[in-house]
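Below is one structure, written out as structure tokens, with a few remarks after it.
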Amino acid sequence: HPPLRPRRSKKQQQGFGGGEVFGPVDLQSAAMGNQACCKSDVNETKGDLGAEALPILDGDIQTPDVSGGNTEEDRIYTVVLNKSGGGKLGLDVDYMAERNVLPIMTITGGLSAQWNTDNPGKQMSKGDSILDVNGMTGDVAVMLEKCKSEDVLTLKLCKAMNYDALVADLENLIKTKKCGPILIRLSWHDAGVFNGTNGCPNAAMRLSGGGENAFGANAGLPTVAVPLLKKISDKYCPSFISHADLWVLAANVAIRVMGGPEVPSRFGRLDASAHTEGVDSQEGRLPDGDKGVEHLRAIFHPKGFDDKAIVALSGAHTVGSCHLDRSGFDGPWTEDPQKFDNTYFKDMLNKTWTPETTSKGKPQTRNGKEMMMLSDLALLEDESFKTHARKYAEDQNAFHTDFVQAWVKLQELNAVNSATSFEALCPNEGRIPKACSHLASAYVFAVFHEPAQLHGYVEFVSAAMCCFCDLCPFSLGSAVTRIVH
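Read left to right, the sequence shown gives residues 1262 to 1746 (this note's numbering).
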């Protein structure tokens, strides 16, 4: 349900056929980002902050099955439909020009329904996606044209490949493996490399050979977080969603699953194809846990964050733990590292914290099993920071609201859409109504139907206005296409 995507021609936005057009808009991976945006000239891999709850790992990181099957053999199937006798296909698909697949919305009858009757073990279902039409993959406009114009269609489909299936797979992973905190950290470190000049969220960390994959600050992310997502990424990336977008969505689903706020997700980030397309140095990009007030400002202000946002983002430490073998710090911040609430701020203000040094030589503080780093307690040393920390300790809703605003901005640092920033695309971004965020990190769309008479067919365009506000001039549409030819 992404609200931002490049504008398309009217022809691309058209749906063909008759009858009512369905409203829901599915996930897409639009062209966004600049693969050259992340270059830097320094190579540093010294250690720094790395923290998350220890996920449940079994040997080589066994993870739950994904919907539709774990292997291509399980989830990919072929359907042959022959229109030469005058039959209609009877399919509603969610057509979006920037996406590589055609998700099935409804089986309306015709040859598709007959196929399902004749082939009970290989039925097409709502939520399956068409990957290939007569040998054509990737270009959904051509795939759709083949469906209309060619008599015999060989369709290759993937079971359960739509937004709902993806979110369900992520929820199952997070609940089963208790890995929400490390998925939050994965998204944060992918986007947080932006230093005000370069760096962007492009999943370069997944690529070995150097760069972000080798940063000390990212310890545990390429070796734990990325493998945790492997079954899901093998299924959905890149045909349905980029790795960088998947990391964003995984983090936001994790926040919700752990009791936190609904976080809207916007999609279209481009993946790096080599580690050299990421940044070469973590210096000045990611915070050190053993530093104080001025260091936090030096890291976050160039990214465009004020003091309130720094404190709100620090509140993500309400989940997760530090690990000696990664960051050198040791212990969880709160009693329940799987609960996304405001306990972090309450404990910071109300508990007594005793200085200590870990076995790895890192200075931190402790109260029982819980710990705080120097960068955490720095929020109490500065009156500007402390004001916000007090507010969040007293008002969890205020914390969640401010966190979402800062977190979405973080996830989109230096991410652009068709060489235009998110902010430029929607000049009223600051006015996000509460009703916009619902249903597993998805935005609500104001959907309307506009009938038009073209080429002898009654065509319907399902369009959506940018849900940030009612003033945005951009019409952002997805056409749900009824294939009846």
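Yeah, the Cβ is synthetic: ideal placement off N, Cα and C, and Gly gets one too.
Outcome for residue i when other beta-carbon atoms lying within 10 angstroms are tallied against a minimum of 16
i       : result
Val1327 : buried
Asn1675 : buried
Ser1702 : Reliability of the predicted coordinates at Ser1702 is poor, the pLDDT of 24 falling under 50, and the value obtained from them is presented with this limitation in mind. By the 10 Å Cβ count, Ser1702 comes out buried.
Gly1396 : exposed
Lys1623 : buried
Val1403 : exposed
Ala1426 : buried
Glu1333 : exposed
Pro1462 : buried
Thr1604 : buried
Phe1664 : buried
Asp1335 : exposed
Ser1736 : Only weak support exists for where Ser1736 lies, its pLDDT of 29 falling under 50; the coordinates are left without a value.
Gln1543 : buried
Asp1228 : Because the chain is modelled from 1262 through 1746, residue 1228 falls outside the range shown and cannot be assessed.
Leu1405 : buried
Gln1375 : exposed
Glu1523 : buried
Ser1386 : exposed
Pro1598 : buried
Gly1346 : exposed
Lys1496 : buried
Gly1382 : exposed
Gly1460 : buried
Leu1671 : buried
Glu1673 : buried
Beta-carbon separation (whole angstroms), residue i vs residue j, contact threshold 8 Å
i       : j       : result
Ile1516 : Ile1445 : 7 Å
Ile1493 : Leu1392 : No, Ile1493 and Leu1392 are not in contact; Cβ-Cβ is about 17 Å, not under 8 Å.
Leu1610 : Arg1651 : 7 Å
Trp1828 : Glu1617 : A query on residue 1828 cannot be resolved here, the shown segment of the chain reaching from 1262 to 1746 and no further.
Asp1389 : Lys1344 : 20 Å between Cβ atoms; not a contact.
Gly1539 : Gly1472 : 4 Å
Leu1434 : Pro1325 : 6 Å
Phe1476 : Gly1576 : Not confirmed; about 23 Å, so no contact.
Val1514 : Asp1643 : Actually they do not touch by this definition, with Cβ atoms about 33 Å apart.
Gln1657 : Asp1608 : Between Asp1608 and Gln1657 the Cβ distance is about 13 Å, and since that is not below 8 Å, they are no contact.
Contact set for residue i: own chain, Cβ-Cβ below 8 Å, skip 5 residues either direction
i       : result
Lys1600 : Met1519, Gly1520, Thr1579 and Val1580
Lys1647 : Leu1640 and Leu1641
Thr1615 : Thr1626, Arg1627 and Asn1628
Ala1429 : Ser1328
Lys1695 : Confidence is the limiting factor: at Lys1695 the pLDDT is only 26, short of 50, which leaves the residue's position unreliable, though a coordinate-based value still follows. Around Lys1695: no qualifying Cβ.
Thr1619 : Leu1585, Gly1589, Phe1590, Asp1591 and Gln1625
Thr1662 : Pro1522
Pro1483 : Met1466, Arg1467, Ser1469 and Asn1474
Ser1645 : Asp1568
Leu1638 : Met1609, Trp1614 and Thr1626
From the options, residue whose alpha carbon lies closest to that of residue i
i       : options                               : result
Gln1323 : Gln1657, Val1485, Ser1575 and Asp1602 : Val1485
Leu1574 : Cys1583, His1649, Gly1470 and Val1540 : His1649
Pro1525 : Ala1512, Asn1423, Tyr1605 and Gly1399 : Ala1512
Asp1353 : Tyr1497, Pro1483, Val1341 and Leu1372 : Leu1372
Ile1443 : Ala1478, Gly1460 and Val1341          : Ala1478
Thr1378 : Lys1491, Asp1602, Leu1342 and Thr1662 : Leu1342
Asp1400 : Gly1470, Asp1608 and Val1362          : Val1362
Gly1370 : Gln1672, Gly1348 and Gly1382          : Gly1348
Trp1668 : Asp1567, Lys1621, Cys1583 and Ser1582 : Asp1567
Cys1583 : Cys1498, Lys1621 and Leu1671          : Lys1621
Val1487 : Cys1498, Val1454 and Leu1447          : Leu1447
Same chain, Cβ closer than 7 Å to residue i, five either side skipped, listed in chain order
i       : result
Pro1563 : Asn1456 and Gly1457
Cys1408 : Leu1350, Val1394, Leu1414 and Ile1744
Leu1468 : Asn1474, Ala1533, Ala1535 and His1536
Lys1417 : Ile1337, Thr1339, Leu1392 and Asp1393
Glu1411 : Asn1395
Asp1451 : Pro1462, Ala1464, Met1466, Ala1505 and Trp1508
Gln1384 : Asn1377
Neighbour flag for residue i against chain D, beta carbons, 7 Å
i       : result
Asp1591 : Checking the listed chains, one finds no chain D in this structure; it contains a single protein chain.
Other residues of its chain near residue i: CB distance less than 6 Å, five sequence neighbours each side excluded
i       : result
Asp1287 : Because Asp1287 sits at a pLDDT of 32, beneath the cut-off of 50, its placement in the model cannot be relied upon, and the point is left open.
Met1633 : Trp1614 and Thr1626
Leu1715 : Caution applies to Leu1715, whose pLDDT of 26 falls short of 50 and renders its modelled position unreliable; the model cannot decide the point.
Lys1552 : Ser1636
Gly1330 : Arg1336
Phe1606 : Ala1650, Tyr1653 and Ala1654
On the three-pair Cβ rule with 8 Å, is the segment 1360-1369 touching the segment 1433-1447?
no
Kindly confirm or deny that the segment 1496-1508 and the segment 1528-1535 touch, where touching means at least three C-beta pairs closer than 8 Å.
yes
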